[in-house]
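The next block holds one structure in the form of structure tokens; read it before the comments.
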Amino acid sequence: MADADLSKELDETFRQQFTVRLQLSTRQLTNVSEARKVRRRIARIKTLQRERELAAAFAAHEEPEA
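Residue numbering for the sequence shown is -14 to 51, as defined by this note's numbering.
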């Protein structure tokens, strides 16, 4: 996935988290493990973004200066 795709996916997952929280609070959610799944999905996406950010910073730092 490209960085833009990850950002879009993160936004969509945050919206899904909001929906799940709302459903939990109004007792409309039948699958209570859904909240944990959404939270973990957000963590995975953020981890990927951070890994790419660190890899880019490391690559920029390792380039020989001419």
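By construction, the Cβ of each residue, glycine as well, lies at the ideal position given by its N, Cα and C atoms.
Same chain, Cβ closer than 6 Å to residue i, neighbours up to 5 away in sequence not counted
i	result
Ile27	Thr(-2)
Whole-angstrom distance between residue j and residue i, CA atom to CA atom
i	j	result
Met(-14)	Gln1	20 Å
Gln52	Leu14	Given a span of -14 to 51 for the chain in the structure shown, any question on residue 52 remains unanswerable.
Asp(-10)	Ser10	30 Å
Phe43	Arg35	12 Å
Closer than 6 Å: residue i CB and nearest the ligand SAH heavy atom
i	result
Gln8	The model on display carries no ligand, and the ligand SAH is accordingly not part of it.
Residue i in three-state terms, based on DSSP
i	result
Ser(-8)	helix
Glu19	helix
Ala44	helix
Ala28	helix
Own chain residues within Cβ distance below 8 Å of residue i, not counting five before or after
i	result
Glu85	The chain is shown only over -14 to 51; residue 85 falls outside these bounds and no answer can be derived.
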